[in-house]
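Here is the structure we will look at.
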Amino acid sequence: MIKSLVRHVHYRVERFLALDNWGEILLLTLSVAGLAVANSAWGPGYFHLLHLPLGVGPVALSVEQWVNDLLMALFFLLVGLEIKREMVGGDLSSPAQIALPGIAALGGVLFPVLIYVAINRGHADALAGWATPAATDIAFALAALSAFGRGLPRSAFLFLSSLAIFDDLAAILIIALFYSGGLSWPDLGLATGALAVLVGMNRLGVRRLTPYLVVGLALWVAVLRSGVHATMAGVLLALTIPLGSEEDEAAGRSPLHRLEGGLHPVVYFGVLPLFGFANAGVSFQGLDWTNLLDPVPLGIALGLFVGKQLGVFTFTLAALRLGLARLPAQVDLRTLYGIGLLCGIGFTMSLFIAGLAFPNAGLASEAKLGVFTGSLLSALGGGLWLALARRGR
């Protein structure tokens, strides 16, 4: 009787957690809550909480930084695991399949930058923010695709995940080269050593997850202290987790499969909602919508909304026409255009770059307005396009 009840409860919990809709609803709810609180009388308390220092061992970060640097590394770890699995024997297993998101990401970086520079030419201070519209917020973009892309094949989500990973790698490189206060070469050396240990364990056939997670934590600390964005550690760790044989994978016994299954509820019901609450809280005090016509917010908004979709789709089309890549399975060009629209959701990554680019509070506030507007237009435009495309199928 008790065993039957336990099995029933366990089944119900698994069914609940399997409903990605709940994760999307939770992310959206807490994101809206963060935005509302930031622009209310509780705003000062909200920002005070986010900026509270928390030190753990050799790492001292604010609450917001713990969310963005540690928790989001778990999200990138989960995305990296899924991409690795698909690259080894799935929808991304051929060079032509992985080439398409990489080429699309290149267009999605170049076009927004060109639009921003064209609008802000002649304004030296404003040009410092040229990279702000180049980023894609992978968490919010995937959530939007899940919400609006009902019935889309899994390959569409993999394409967006891969594209956003390439996009964020470009953003991380831009930050390291143009906005970093300086890289710590000793810490980069430690990170390289930790990565070498992870690769060595993989080659030696180590299948227990604990050693990978322990060395992965050391890798995260080293990457964080090096000046490179710490979420990169999640991607690197994912690439070293053993996949195992086809039989192991089919039975769910591979280390990669076990880690992926364990991370899924943690990320979608914990990490992403906290991320949304901590990062959606953008204060617009002292600004109104007329400020959108100023060069900085206009360049960012148009770069995200117009530049992203044009860049992603133009480079995608060129790659297909030149025979450099092929369409993902069961995905047509209409769907890819909708995904290109959703890539304009720059949000937290764009806000992060804007904060580095504009130490001036006035320009920083205008940049936030541009990021919010461009991201909102991209989400609504992408959602509407995908809904219409679904009705037309």
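The sequence shown begins at 1024 in the working numbering and counts up one residue at a time. Just so you know, even glycine gets a beta-carbon here, dropped at the ideal spot from N, CA and C. Because the structure is a prediction, the values reported are computed rather than measured.
- The residue among I1264, I1188 and G1257 with its C-alpha nearest the C-alpha of S1277 is I1264.
- The distance from the Cβ of L1315 to that of A1324 is about 6 Å, consistent with a contact at the 8 Å cut-off.
- Between V1238 and the set T1254, R1230 and A1217, the nearest pair of CA atoms involves A1217.
- Per the C-alpha coordinates, the member of K1107, G1152, R1414 and T1159 positioned closest to G1130 is T1159.
- A direct Cα-Cα distance of roughly 14 Å separates I1126 from P1351.
- With a threshold of 16 other beta carbon atoms within 10 Å, Q1120 meets it and is buried.
- As for any alpha helix (DSSP H) of minimum length 4 sitting wholly inside the region 1201-1260, the runs are 1208-1226 and 1232-1249, ordered along the chain.
- Between L1221 and the set N1383, L1260, L1168 and F1375, the nearest pair of CA atoms involves L1260.
- Each residue's CA atom was taken as its position, placing M1372 and V1354 some 27 Å apart.
- Looking at the DSSP output, G1078 bridges to A1083.
- Within the same chain, G1130 come within 6 Å of T1337 by CB-CB distance, once the 5 residues on both sides are set aside.
- Judged by their CB atoms, V1111 and L1227 are not nearer to each other than the 8 Å cut-off.
- Inter-segment contact for the region 1130-1140 and the region 1281-1292 is absent: fewer than three beta-carbon pairs are separated by less than 8 Å.
- Counting only the Cα atoms, L1409 lies some 25 Å from F1298.
- The alpha-carbon separation between G1057 and L1100 amounts to approximately 25 Å.
- Rounded to whole angstroms, the separation of the alpha carbons of F1098 and L1295 is 8 Å.
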